[in-house]
């Protein structure tokens, strides 16, 4: 089945530093990838939709200057948490749809294994 | 009202029991529905899609009720390995790929 690789799986950083998270589709091309954040005992919240070759679309309340998204190729999207603060500590997960399945919300998402960010 | 609502549980059931979860959604334009399973501190994994006519995959049965705007998941003959959080996922149609996750229902199967 489709595989989405996310790296790193765990990162601890100091307040004020930036952290980059990579999301790669290994055996399919994804024109669109999604970035989610999940706080303990809460549901996944969509942060932004990453579109290959164009600007990301951010959800309401998500600061685009703080969470920088780059989708440089059909297999790679990156999320950079800039000037991280302890309140940014969370579980970040990316997901992607196989491009061959078309622009159709009926196709399921393939998730990366997630990145647990801890900001001290 | 939340877009997608689930009873958070936990549902504690003995091995071999049958358990059912419901999920309600608020947007009547929703077109695609899924059940995902999430183990603690892991990424969600697709359990099954939910089709209008209802569908079954082994011990798992999913149903959709558009009139009442809810979907359900039935698990028969529960196994210890079924212990997880089950996420209801709803997606809009028309090429808009945003999906909305429920908070999940936690299931604990007890020996």
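Protein chains in written order, with our numbering: chain D, 1 to 120; chain S, 1 to 111.
All residues carry an ideal CB built from backbone N, CA and C; glycine is no exception.
query                                                                                                                                                                               : result
Cα-Cα, which of S/34, S/109, S/49 is closest to residue 76 of chain S?                                                                                                              : S/109
Measure the beta-carbon distance from residue 27 of chain D to residue 3 of chain D and round it to whole angstroms, keeping in mind my assumption that it falls under 8 angstroms. : 6 angstroms
On a Cα-Cα basis, can you pick out the residue from S/2, S/20, S/67 that is closest to residue 105 of chain S?                                                                      : S/20
Candidates S/47, S/29, S/64, S/31: which alpha carbon is nearest residue 87 of chain S's?                                                                                           : S/47
Are the segment 56-69 of chain S and the segment 79-99 of chain D touching by the rule of at least three beta carbon pairs closer than 8 angstroms?                                 : no
Can you check DSSP and say which residues form a bridge with residue 22 of chain D?                                                                                                 : D/7, D/78
Going along the chain, which residues of its own chain have a beta-carbon closer than 7 angstroms to the beta-carbon of residue 40 of chain D, five neighbours each way excluded?   : none
Quick check on residue 87 of chain D: does DSSP put it in helix, strand or coil?                                                                                                    : helix
What are the partner residues of residue 94 of chain D, as DSSP defines its beta bridges?                                                                                           : D/35
Following the continuous beta strand (DSSP E) through residue 56 of chain S, name the residue where it begins and the one where it ends.                                            : 55-57
Less than 8 angstroms between C-beta atoms, sequence neighbours within five positions excluded: which residues of the same chain meet that for residue 15 of chain S?               : 78, 79, 80, 109, 110, 111
Give me the Cβ distance between residue 24 of chain D and residue 76 of chain D, rounded to the nearest whole Å; I'm assuming they're in contact under 8 angstroms.                 : 5 angstroms
Residue 20 of chain S bridges to which residues according to DSSP?                                                                                                                  : S/74
My output table needs one value for residue 87 of chain S: the three-state DSSP class, helix, strand or coil.                                                                       : strand
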